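Here the numbering used here is used: position 527 in the sequence shown is 1946, and no number is missing along the way.
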Amino acid sequence: GAMGFAVDMANLWFHRQSAQTAADAACTAGAMDLLVDATNAKTTQGGFTAGTDFDCSGATGVAPCQYAALNGYNASLAKNSSASSLGNEVYATFPASVSGVSTGAVPPATLAPNPYIRIDVVDHVQVFLSAMLSGSRSQPVHASAVCGLVLASAPTPLLILRPTDPNTLQITGSGGVTIVGGPSRSIQVNSGNSSAAFITANVDLCKGGPLFTGSDLGTFGGPSVPTVLGACPAGTGFRTGPTGRWAYPTSPIADPYAKVVPPTQPAAAPAPTAVAGPTATTPGVDGCPDRSGSNTNQLPDNLVNASGNLVTATPGCVEYHPGFYNRPIVVKQYTAIFEPGLYYMKIPNTAPNIFDNENCGTPGGGIVPPTGQCHYSLAVDTQGVVRPATPATPSAQADASHGVTFYLSGTSTGGYGSVFFGSNSGKAGSRTIDNFVTSPDPTNGTAAACPGGAAPDSRLAVPTSVSGDVLLGPCTYDGSYFASATNTNDGSGVPKFRGMVFFQDRADGDNHGQPSMQGGGGLLVTGNMYFHNCPGSPSCNASSDYNAFLQFQGNSGSGTFLLGNITVDELNTGGAGAIAMQLNPNSIYYLLKVSLLR
1420 GAMGFAVDMA NLWFHRQSAQ TAADAACTAG AMDLLVDATN AKTTQGGFTA
1470 GTDFDCSGAT GVAPCQYAAL NGYNASLAKN SSASSLGNEV YATFPASVSG
1520 VSTGAVPPAT LAPNPYIRID VVDHVQVFLS AMLSGSRSQP VHASAVCGLV
1570 LASAPTPLLI LRPTDPNTLQ ITGSGGVTIV GGPSRSIQVN SGNSSAAFIT
1620 ANVDLCKGGP LFTGSDLGTF GGPSVPTVLG ACPAGTGFRT GPTGRWAYPT
1670 SPIADPYAKV VPPTQPAAAP APTAVAGPTA TTPGVDGCPD RSGSNTNQLP
1720 DNLVNASGNL VTATPGCVEY HPGFYNRPIV VKQYTAIFEP GLYYMKIPNT
1770 APNIFDNENC GTPGGGIVPP TGQCHYSLAV DTQGVVRPAT PATPSAQADA
1820 SHGVTFYLSG TSTGGYGSVF FGSNSGKAGS RTIDNFVTSP DPTNGTAAAC
1870 PGGAAPDSRL AVPTSVSGDV LLGPCTYDGS YFASATNTND GSGVPKFRGM
1920 VFFQDRADGD NHGQPSMQGG GGLLVTGNMY FHNCPGSPSC NASSDYNAFL
1970 QFQGNSGSGT FLLGNITVDE LNTGGAGAIA MQLNPNSIYY LLKVSLLR
């Protein structure tokens, strides 16, 4: 009798372990599909509808049921079958909450309306000696697993959010993308299309990743291999080091800024009759680097001098001040410096066509880069140079790092404006303009890095001084717009990473109002760029949203550097358009992650 019970109990124990393995696998598979649903605005990624319970005996084709079957449990019995039956049950439920998940890790319902899934496996195991006592030839063995989505802090790669279309990452021409440092995955393409990433130019990840030895490009839909594969250190096409790879398929990554609330519209920037702006600023004052003066016929028509009187000429720079702007800022043939703070750009009625010769047609499709952008809130055109201002007494909304945030908005009926850097911007022409020193500068207190932060990594080859356009984001960790003593990860109270430089209104799906960067005279942006069309964020519509795109075109390969992150629905480079990026593995935001919870 003892030996008989030992055989039965050992058999039941073995089946219990097998059933638990199957439940864990099926649960994890279901949670991965919940992640795709939440990230790419889908509802039935794994063949099931999140929030609707299902029984695998009648749904063998759905993903969790397939994984259970691969682990030996094919749901040969329906849920709640007789205890005397032989076979197994597999079924799924969707709990509203899970004990043990901390409040801060629970994703908001707008981001993940059904974040949890539970898989139950009931194995009706045949027994022998114990059957003589129980009168039943089988003993049900129950295993369960609960999985789901949690909010977790993680470093952010260059992220392409559009969930369905081909060529959402399109790198063509003679330019490309070079990434140094950052997380182990430098680029993530969320589109489920088999042609999501189209790369014929240079994508250099040879020095990517936390060890600078190579990083991944991840694509959810494909292609399964790069169109053109090159080798480090030089070559054409996709290249990475020994610790990197072309990763396919990879789960999409959710918008890391989904929880960032757009800034509140501030008071209007001071009227032209006020001293504050825009103000004619002489060389050396508030960091004005222009020693020779500006082209007088291109200056803004509301420029004032230190006495508050309107002027038509300036021997140095035009200094802009933070606040609400209902007209675009156009910098052409003069030098503009920007006082630290928030620039809330909202162009009323129809966003103007800034450039008379700009073609405002409909963007092309396929592998043709989008064209036709012509509405801009901030436009830096021929021989326009932009730099940070360093006033002795900055605005109350500024931080000590001379950072600015441009919130690029518009009106739903009249269109939206974004940011434009022309192919001849950043060039001084006949003017004499001091270079911007990228390492800490004791003269004016500015630098590419935040105070106390590390200088740009030498492997990115950022010059020690830059002659073209420079914009610095505010020093912050959490996606807010200005520094906070509570948002540092080392407890020092000193933010060391820059936040948002460009935050485009999520309602902007206007093809004519998208960002374009062609900074032929050199461009350095330190901070994050965020261009995502999702008016109901964090809940997006896959069929009507995700219409934002960023274009690097023309001569921007002459020296475009980004020390930060780009998150955009679609990214295109063409011609000589190129960008070199340094990602920071320690600058973290909250992302959706899959976790086996119980």
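Even glycine gets a Cβ: it sits at the ideal position worked out from N, Cα and C. If you're wondering where the values come from, they're calculated on a predicted model, not measured in any experiment.
Taking 8 Å as the upper bound for CB-CB distance, Gly1845 and Asp1888 are in contact here, some 4 Å apart. Collapsing the DSSP output to three states places Phe1547 in coil. Tyr1965 is a Cβ neighbour of Asp1988, given a cutoff of 7 Å. In this structure, the alpha-carbon of Ala1497 lies about 25 Å from that of Leu2015. At the C-beta level, Gly1996 and Gly1594 come within 7 Å of one another. Segment contact: the segment 1520 to 1530 against the segment 1440 to 1456, fewer than three CB-CB distances shorter than 8 Å; contact not assigned.
For Gln1970, the uninterrupted beta strand (DSSP E) segment begins and ends at Leu1969 to Phe1971. In the DSSP secondary-structure assignment, Gln2001 is bridged to Val1599 and Leu1982. Counting along the chain, the unbroken beta strand (DSSP E) around Cys1625 starts and ends at Asn1621 to Gly1627. Leaving aside the five residues that flank Ala1562 on each side, the residues in its chain whose CB is nearer than 6 Å to its CB run, in chain order, Ala1438, Gln1439, Ala1442 and Val1540. Val1644 sits exposed, since fewer than 16 C-beta atoms from the chains shown fall within 10 Å of its C-beta. Taking C-alpha positions only, Asn1507 is separated from Ala1425 by approximately 23 Å.
With a contact defined as Cβ atoms closer than 8 Å, Gly1663 and Gly1633 qualify at about 3 Å.
A straight line joining the alpha-carbon of Ala1725 with that of Val1679 spans about 37 Å.
For Lys1765 against Gln1717, the beta-carbon gap comes to about 24 Å, at or over 8 Å, which does not count as contact.
Nearest to Pro1934 by alpha-carbon distance, out of Ala1999, Val1920 and Ser1962, is Val1920. Residue environment for Asn1586: buried (at least 16 other C-beta atoms within 10 angstroms of its C-beta). Under a 10 Å Cβ-count criterion, Ser1884 is classified as exposed, with fewer than 16 other Cβ atoms of the shown protein chains found around its own Cβ. Across the set Gly1983, Thr1462 and Pro1642, the C-alpha of Gly1983 shows the shortest separation from the C-alpha of Ala1868. The alpha-carbon separation between Gly1727 and Asn1721 amounts to approximately 10 Å.
Phe1433 is classed as exposed because its beta carbon has fewer than 16 other beta carbons within 10 Å across all chains shown.
Boundaries of the alpha helix (DSSP H) around Leu1489: Ala1482 to Leu1489.
Two segments are said to touch when three or more pairs of C-beta atoms, one from each, lie closer than 8 Å; by this definition the segment 1700 to 1710 touches the segment 1846 to 1857.
Between the alpha carbons of Pro1954 and Gly1491 lies a distance of about 45 Å. Note that the C-beta distance between Val1647 and Gly1641 is not below 7 Å.
Non-local beta-carbon contacts of Arg1604 in its own chain, meaning distances under 6 Å to residues more than five positions away in sequence, involve Pro1576, Asp1635 and Gly1637 in chain order. In the structure shown, Asp1800 falls within a coil segment according to DSSP collapsed to helix, strand and coil. Taken in chain order, the whole alpha helix (DSSP H) runs of length 4 or more contained in the segment 1491 to 1534 number zero.
Cys1446 has its alpha-carbon roughly 26 Å from the corresponding atom of Ser1557.
Annotation: Gly1480 to Ser1495 spans about 14 Å, alpha carbon to alpha carbon.
In the three-state reduction of the DSSP assignment, Gly1567 falls in the strand class.
When the alpha-carbon of Gln1937 is set against those of Leu1943, Gln1972 and Asp1924, the nearest one is in Gln1972. In the DSSP annotation of this structure, Glu1758 is not part of any beta strand (DSSP E), being labelled neither H nor E. The three-state secondary structure of Gln1436, taken from DSSP, is helix. By the Cβ-count criterion, Asn1533 is buried, with 16 or more other Cβ atoms from all chains shown falling within 10 Å of its own Cβ. Distances from the CA of Tyr2008 to each of Gly1660, Asn1960, Tyr1676 and Phe1950 were compared; the closest alpha carbon is that of Tyr1676.
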